[in-house]
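To keep things clear, I will list the structure first and then write my remarks on it.
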Amino acid sequence: MAYYYFKMYHLLALYLISCVVPLSLAQDFNLPFKAVNLGNWLVTEGWMKPSLYDGIPNNDLLV
């Protein structure tokens, strides 16, 4: 099961990179570049939002 999710993340990353790279190559370099951080939306980590892990005994998943 873990391998399936690992493979899905790689396919998603490959798809996103293949969509973004042509756009960045076609961009006019005189225009400002804007970006968004999606870190806490795609992967939850204990240090980003500790309240999500309040119900876990001993904070085992807060690595």
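Read left to right, the sequence shown gives residues -26 to -1, 1 to 37 (mature numbering (1 follows the signal peptide of the UniProt record, and there is no 0)). C-beta atoms are modelled at their ideal positions from N, C-alpha and C, and glycine is treated no differently. The structure displayed is predicted, hence computed values, not measured ones.
- It is roughly 25 angstroms from the alpha-carbon of residue 30 to the alpha-carbon of residue -18.
- Secondary structure of residue 6 (DSSP, three-state): coil.
- Here residue 22 carries a coil assignment [DSSP, helix/strand/coil].
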